[in-house]
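Enquirer:
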Amino acid sequence: NVFYRGLNGVPICLNETVFADGSDTFGKGKAINPDNQFAQCLAATLERYRPGGVLAQQEGWPAGAGVRVWEVWNEPDLSIFWQSTSAEYARLLKVAYLAINSVYPEAQVMVGGMVIFEQPAFLPEMMTLYKNDPDPVPGRYPFDIMALHAYSHPPYTFYIVQRTESLLGVYGVDVPIWVNESGVPLWDDYPGPTWASTPEQRIWRATLHEQAAYVIQNAAYAFMAETEVLFHFQLYDDCGNQPRGSDFPPHDGGLCAGGAICWGDALGMFRNTDDNVCFTQHPQPGTKRPAYDAFQVVSEFFGDDSLVPLEMFTFNGARWLIFARPDRSELVYVIWNETGVPREAALVRRADQALLVRMDGSRETIQPGSDDLYRIPLPPATNQNAAPGSSIDYMIGGEPVIVVQQTADAYVSVLPLPDASRPAFTVKWRGNRADLTDWQVWYRDDTAGGDWQLWLTPDGPGEALFVGGSGRRYSFFARALGADGEWSRETPEVQASTVTN
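Numbering (my numbering), first residue to last: 160 to 660.
#1: So, using beta-carbon positions, are methionine 428 and phenylalanine 460 closer together than 8 Å?
#2: When the Cα atoms are used, what is the spatial distance from lysine 253 to leucine 389?
#3: Specify whether the stretch 524-539 and the stretch 499-508 touch according to this definition: at least 3 beta carbon pairs, one from each stretch, less than 8 Å apart.
#4: Please go through the same chain and pick out, in chain order, the residues whose beta-carbon is closer than 7 Å to the beta-carbon of isoleucine 259, but skip the five residues on each side of it.
#5: At the level of alpha carbons, what is the spacing between isoleucine 239 and valine 274?
#6: With a threshold of 8 Å on Cβ separation, who are the neighbours of glutamate 277 within its own chain once the five nearest residues in sequence on each side are excluded?
#7: What does the Cβ neighbour count give for alanine 450, buried or exposed, with the cut at 16 atoms within 10 Å?
#8: Going by the DSSP bridge assignment, what does tryptophan 588 pair with across the sheet?
#9: Would you tell me roughly how many angstroms separate the C-alpha atoms of alanine 190 and alanine 255, rounded to the nearest one?
#10: Return the chain-ordered list of same chain residues with a C-beta closer than 6 Å to the C-beta of proline 409, the five sequence neighbours on each side being excluded.
#11: Measure how close the beta-carbons of alanine 567 and serine 488 come, nearest whole angstrom, since I'm counting them as under 8 Å.
#12: Hey, would you say valine 658 sits closer than 8 Å to isoleucine 561, going by beta carbons?
#13: How close, in whole Å, do the beta carbons of isoleucine 555 and glutamate 369 come, if the pair is a contact with beta carbons under 8 Å?
#14: I'd like the span of the beta strand (DSSP E) that includes phenylalanine 281, first residue to last.
#15: For chain B, check one thing: does any of its Cβ atoms lie closer than 8 Å to the Cβ of alanine 266?
#16: Where does the unbroken beta strand (DSSP E) through glutamate 328 begin, and where does it stop?
#17: Among Arg631, Pro617, Thr176 and Ser647, which has the Cα closest to the Cα of asparagine 660?
#18: Go ahead and pull the three-state DSSP assignment for threonine 187.
#19: DSSP three-state call for alanine 702: helix, strand or coil?
#20: Going along the chain, which residues of its own chain have a beta-carbon closer than 8 Å to the beta-carbon of valine 213, five neighbours each way excluded?
#21: Spell out the partners DSSP gives arginine 502 in its beta bridges.
#22: Taking only the alpha-carbon atoms, compute the straight-line gap between valine 161 and cysteine 172 and give it to the nearest angstrom.
#23: Whose CA, out of Ala607, Val600, Tyr553 and Ala249, lies closest to the CA of proline 651?
#24: Where does the unbroken alpha helix (DSSP H) through alanine 477 begin, and where does it stop?
#25: Report all residues from its chain with a CB closer than 7 Å to the CB of proline 358; omit the five preceding and five following residues, and keep chain order.
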């Protein structure tokens, strides 16, 4: 009651200066203002948990062990967690940044994970305040990492990462983006609403099989957007949106009478054991769900620092996300069906055999047909549990497959662009090999029915600001020469496009 205004309110001392000299001017080791209890609390917390701090000394932790990344608040742009304004959160983050860095300048300060959808103006307002701050922190913007939260619909992960990166770029900010919460709750396994029979009762939820598909699709979208770190929420079923201690046996819906708590958010890769704080009565306690196996596949194929995103497109109802692992001379294709009917992916042969990996971790070696195509059946999508009135047809695609081809072929592409962009926007291009030469990036103004124009001849993979006009549609294409002297693609074709507003 002394520290906060309300349960999720703002610290009452927030507008007190951070330092005891009456200023907010940064300096390592400066004394914290005793009237700013929030800053005092943070400084004490840093002293305890940082590498080389109090706890590290008491416990004999090895050098470098301790908390180095500090996330400030949770979902400040979601009103249930921050019952105030973007301006007050901007102040909170600035105070935190100064207090944390005064104790441990090597720390990284992370913006509290934002959801974007409820208050899309929250982050732009915050950034504008920092841009115009007459007394800024060193570097002006008081954070080192941007955090985002995305649930249930894998394409949303790609959208908010790309949208946020674009927005930060307007302010000249280039920091890593972490998606440190992502997942989808179940309806067909305890403690989910297993009795649900309509999409309205299953809103934003999935089956066990669909949850596993989500894990792989979400990772593919996150790393196509060049997310630095991706978290899956979570290992087990916590109390989530229900009070601590919520519990009940599996049932057919009869326990819901009178508004009683009768379901929970089954987000975990493992079912709860009987000693958990919530939802302890699963008939198979402590067992893994299919999402766990899918997560192992994600760790194997997306946990490699050398992974390079290349291209994303939809063809014949199938979604394709293509990556490279240059150190292994591999192309990695993640493919799934986006429709409600069976489809087939036809993959051009670049090697005499390929590795096919399914979301449960099973794998087989496959060969192309006489037409030099690998033909892979794709099961239909089944999840139509998005919110009523949503434009989303299938919330999660059908069961994904991963296909790996080892090849020396050159593969170069422009990375996906947002559907809509400002007249000036960043274009990125990537390739699968370090020995590619004679890079070219082309563009075309589709609105005017123009021809392809050579835009850049860079030294290698990179990015650049493209400045166009308003109300135009621009398409882009990149290529380079391989070691065999052949172009990665002979003639320009659309690899990415966007419409300017």
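We put the beta carbon where it would ideally sit given N, CA and C, even for glycine.
Expert: In this structure, then:
#1: For the purposes of this step, residue 428 is identified with residue 269 of the sequence shown, where counting begins at 1. For the purposes of this step, residue 460 is identified with residue 301 of the sequence shown, where counting begins at 1. Result no, Cβ atoms of methionine 428 and phenylalanine 460 do not sit closer than 8 Å.
#2: Counting from one through the sequence shown, the residue named residue 253 turns up at place 94. Counting from one through the sequence shown, the residue named residue 389 turns up at place 230. Taking the straight line joining both Cα atoms gives about 25 Å.
#3: yes
#4: Here residue 259 refers to the residue found at position 100 of the sequence shown. Excluding positions up to five away in sequence, the list reads Leu201, Leu205, Trp229, Ala266 and Val268.
#5: Residue mapping note: residue 239 aligns to position 80 of the sequence shown, counting from 1. Residue mapping note: residue 274 aligns to position 115 of the sequence shown, counting from 1. Cα to Cα, isoleucine 239 sits roughly 12 Å from valine 274.
#6: As a working mapping, residue 277 is identified with position 118 in the sequence shown. Taken in chain order, the residues that qualify are Asp236, Leu237 and Ser238.
#7: For this step, residue 450 is matched to residue 291 along the sequence shown. Alanine 450 is classed as buried because its beta carbon has at least 16 other beta carbons within 10 Å across all chains shown.
#8: The sequence position of residue 588 within the sequence shown is 429, counting from 1. According to DSSP, tryptophan 588 bridges with Val573 and Gly621.
#9: Numbered from its first residue, the sequence shown carries residue 190 at position 31. Numbered from its first residue, the sequence shown carries residue 255 at position 96. Rounded to the nearest whole angstrom, the CA to CA distance from alanine 190 to alanine 255 is 14 Å.
#10: The sequence position of residue 409 within the sequence shown is 250, counting from 1. The residues are Tyr349.
#11: As a working mapping, residue 567 is identified with position 408 in the sequence shown. As a working mapping, residue 488 is identified with position 329 in the sequence shown. Rounded, the Cβ-Cβ distance is 6 Å, consistent with contact.
#12: Mapped onto the sequence shown, residue 658 falls at position 499. Mapped onto the sequence shown, residue 561 falls at position 402. It is not a contact, given that the beta carbons lie outside the stated cut-off.
#13: If you number the sequence shown from 1, residue 555 lands on position 396. If you number the sequence shown from 1, residue 369 lands on position 210. About 5 Å; that satisfies the 8 Å criterion.
#14: Taking the sequence shown and counting its residues from 1, one reaches residue 281 at position 122. Taken as a continuous stretch (DSSP letters only), phenylalanine 281 belongs to no beta strand (DSSP E), being part of the alpha helix (DSSP H) at 281-290.
#15: Judged by its chain identifiers, the structure shown contains no chain B, having just a single protein chain.
#16: Position 169 of the sequence shown, counting from 1, holds the residue named residue 328. Correcting the residue identity first, residue 328 is glycine in this sequence and not glutamate. Where glycine 328 is concerned, there is no enclosing beta strand (DSSP E), although the alpha helix (DSSP H) it sits in stretches over 313-329.
#17: Residue 660 sits at position 501 when you count from the first residue of the sequence shown. When only C-alpha atoms are compared, the closest one is Arg631.
#18: The residue you call residue 187 lines up with position 28 of the sequence shown. A small correction: the amino acid at residue 187 is lysine; threonine does not occupy that position in the sequence shown. Coil, per DSSP.
#19: Given a span of 160 to 660 for the chain in the structure shown, any question on residue 702 remains unanswerable.
#20: On the sequence shown, residue 213 is found 54 positions in, with the first residue counted as 1. Counting only Cβ-Cβ distances below 8 Å, and skipping sequence neighbours, we find Glu206 and Arg207.
#21: Here the question's residue 502 lines up with position 343 in the sequence shown. DSSP lists Leu537 as partners of arginine 502.
#22: What you label residue 161 is simply residue 2 of the sequence shown in a count that begins at 1. What you label residue 172 is simply residue 13 of the sequence shown in a count that begins at 1. Residue placement at valine 161 cannot be trusted, given a pLDDT of 46 that sits under 50; what the coordinates show is reported in the next sentence. Using only the alpha carbons, I get a separation of about 9 Å.
#23: Reading the sequence shown from its first residue, position 492 is the one you call residue 651. When each option's Cα is compared against that of proline 651, the closest is Val600.
#24: Your numbering for residue 477 matches position 318 in the sequence shown. Note, alanine 477: premise wrong, no alpha helix (DSSP H); beta strand (DSSP E) at 477-484.
#25: The sequence position of residue 358 within the sequence shown is 199, counting from 1. Contacts found: Gln543 and Asn544.
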